[in-house]
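Novice: My questions all concern the structure below.
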């Protein structure tokens, strides 16, 4: 994804209405594990969750998916963006597995991806609306 398009998507996510949620997003990057429980479900676009990490953010957006399963990032237009503790990147290849998908209510799953600069990132999320 080009930088300009990613910046536009990031702006849209930052101003999107958020639904209160509980749960967590855990990211493993270069052997470092980061977990946040400051999570939200976005009202628009559909099937988007956000985790806030200090001044940073993790976004998992899978608008086209409607059922549990394993999906390739590129093939299904899945956007995973991370910016925290000096790291910034987005998933370029890999897969997202959805164990639970209940529109704007509950999302549970994990992802195993590589960024455009080939850094391996694993994530686990379990987020539900309160």
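Numbering (my numbering), first residue to last: 465 to 594.
Cβ atoms here follow ideal geometry from the backbone N, Cα and C, with glycine treated the same way.
As the structure is a computational prediction, the values presented were derived from the model and not from experiment.
In chain order, what residues of the same chain lie with their CB nearer than 6 angstroms to the CB of residue 508, ignoring the 5 residues before and after it?
Specialist: Counting from one through the chain shown, the residue named residue 508 turns up at place 44. Only 480 meet the Cβ criterion.
Novice: Regarding residue 574 and the ligand GDP, is the C-beta to nearest heavy atom distance less than 7 angstroms?
Specialist: Among the components modelled here there is no ligand, and therefore nothing to report on the ligand GDP.
Novice: Is it buried or exposed, residue 554, if we count other Cβ atoms within 10 angstroms and call 16 or more buried?
Specialist: The residue labelled residue 554 in the question sits at position 90 within the chain shown. Classification for residue 554: buried.
Novice: Would you identify the three-state DSSP class for residue 480, choosing helix, strand or coil?
Specialist: Here residue 480 refers to the residue found at position 16 when the chain shown is read from its first residue. Coil, per DSSP.
Novice: Work out the CA separation of residue 470 and residue 537 for me, nearest whole Å.
Specialist: Working through the chain shown from its first residue, we reach residue 537 at position 73. Working through the chain shown from its first residue, we reach residue 470 at position 6. Taking the straight line joining both Cα atoms gives about 15 angstroms.
Novice: Count the other C-beta atoms from every protein chain shown that fall within 10 angstroms of the C-beta of residue 511, then say buried if there are 16 or more, exposed otherwise.
Specialist: Start at 1 with the first residue of the chain shown, and residue 511 comes out as number 47. With 16 or more Cβ atoms within 10 Å of its Cβ, residue 511 is classed as buried.
Novice: Residues in its own chain within less than 6 angstroms of residue 490 by CB, not counting five upstream and five downstream?
Specialist: As a position in the chain shown, residue 490 is number 26, starting the count at 1. Cβ neighbours of residue 490 beyond the five flanking positions: 499, 588.
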